[in-house]
Amino acid sequence: MDPIHQFEIKKLFTIARFGGTEIAFTNSALYMLIALGVILLLMIGATGARALVPAGCRASPRCPTSSWRPPCGAAPARRA
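Taking this note's numbering, I'd label the letters of the sequence shown as residues 1012 to 1091.
Encoded structure:
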């Protein structure tokens, strides 16, 4: 067996035929869909509802609903 056989494109099934051209789903397309699925799962998992960094106004000490407090012994921030 030659070493290039691992890169062989194999037709899994035919999707459509247009004239003399055949459109087929191949093992290469299957691996690309699997990779896309893994990437999507990682992206969705990493950007889930439990964000580590607060968004927008919540990160600012000037926000009225912020839970930010100055460290112990520090002077409170002056309001402008």
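Ideal placement from N, C-alpha and C gives every residue a C-beta, glycine not left out.
Cβ neighbours of N1038 in the same chain (closer than 7 Å, five flanking residues each side left out) = As a working mapping, residue 1038 is identified with position 27 in the sequence shown. Within the same chain, N1038 has close Cβ partners I1020, K1021 and L1023.
Following the continuous alpha helix (DSSP H) through I1050, name the residue where it begins and the one where it ends.
-> Within the sequence shown, numbered from 1, the residue matching residue 1050 stands at position 39. N1038 to A1057 is the extent of the alpha helix (DSSP H) around I1050.
Taking the continuous beta strand (DSSP E) assigned at F953, which residues delimit it?
-> Residue 953 falls outside the range modelled here, since the chain spans only 1012 to 1091, and no answer is possible.
Where F1018 and I1045 are concerned, what is the direct C-alpha to C-alpha distance, given to the nearest angstrom?
-> As a first step, residue 1018 is located in the sequence shown; it is residue number 7 there, counting from the start. As a first step, residue 1045 is located in the sequence shown; it is residue number 34 there, counting from the start. Each residue's alpha carbon lies about 17 Å from the other.
Proximal residues to I1034 (C-beta, below 8 Å), its chain only, five neighbours per side dropped = Sequence index remark: in the sequence shown, residue 1034 carries index 23 (1-based). The residues are T1025, I1026, A1027 and R1028.
State the beta-bridge partners of I1034 as determined by DSSP.
-> Taking the sequence shown and counting its residues from 1, one reaches residue 1034 at position 23. In DSSP, I1034 forms a bridge with A1027.
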